[in-house]
Amino acid sequence: MSNQAPNQARVIPLRPKTVPAPAAPATPARPAPREPLFRDLVGDVLRRERLAQERTLKDVADEARISMPYLSELERGRKEASSEVLAAAAHALGLGLGDLLSLAQSELTRHTRSRTHARTTTSAPYNGLCLVA
1 MSNQAPNQAR VIPLRPKTVP APAAPATPAR PAPREPLFRD LVGDVLRRER
51 LAQERTLKDV ADEARISMPY LSELERGRKE ASSEVLAAAA HALGLGLGDL
101 LSLAQSELTR HTRSRTHART TTSAPYNGLC LVA
């Protein structure tokens, strides 16, 4: 016979008892800044150029023969465009594909320099000229 009372059911837990997770450290580690994506850089350039010309999404999309929602997604960095689509969008803005890529490369260089500058200014002394009036 068993050790249990005849009219009592044995309870089997469905979930195992969990051990509480250890507390997070007081100062979380700072994640390294991520590199910008190419599609974000190109999208920023397309939007900046379109707004500088005071043109609408519809106007540029019609001239480039791409859909307006797709152009919007390109500008927001949500889609990876083919070289043909990038060339069409660039030409609609009066740019060549090389111009568009050059501007995107300049954005990447600027972003990289700002990250490098932020790292070096906190750990290296300033070696510039200081003029006092």
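Its first residue numbered 1, the sequence shown is counted upward by one per residue in the numbering used here.
Glycine included, each C-beta is placed from N, C-alpha and C at the ideal position.
Counting only the same chain and skipping the five closest in sequence on each side, list residues whose C-beta sits under 8 Å from that of residue i.
| i | result |
| --- | --- |
| D40 | G77 |
| R15 | none |
| S67 | A61 |
| K137 | Outside the shown range of the chain (1 to 133) lies residue 137, about which nothing can therefore be said. |
| S83 | L97 |
Please confirm whether residue i and residue j have their CB atoms less than 8 Å apart.
| i | j | result |
| --- | --- | --- |
| V45 | L100 | yes |
| K79 | Y70 | yes |
| R115 | E75 | no |
| A87 | L97 | yes |
| E49 | L108 | no |
| H111 | P13 | no |
Could you tell me which of the options sits nearest to residue i, measuring between CA atoms?
| i | options | result |
| --- | --- | --- |
| A90 | R65, R34, R113, R110 | R65 |
| Q105 | E63, K17, F38 | F38 |
| V42 | S72, K17, R15, R55 | S72 |
Counting only the same chain and skipping the five closest in sequence on each side, list residues whose C-beta sits under 7 Å from that of residue i.
| i | result |
| --- | --- |
| Q53 | L93 |
| V85 | I66 |
| E63 | A92 |
Identify, in the order they occur along the chain, each residue of the same chain with its Cβ nearer than 6 Å to the Cβ of residue i, setting aside the five sequence neighbours on each side.
| i | result |
| --- | --- |
| A81 | L74 |
| N7 | none |
| P22 | none |
Nearer than 7 Å: is that true of the beta carbon of residue i relative to any heavy atom of the ligand NAD?
| i | result |
| --- | --- |
| S106 | Among the components of this structure there are no ligands whatsoever, and the ligand NAD is therefore not found. |
Would residue i pass as an interface residue toward chain B - the criterion being a Cβ-Cβ separation below 8 Å?
| i | result |
| --- | --- |
| D62 | Looking for chain B here will not work: only one protein chain is present. |
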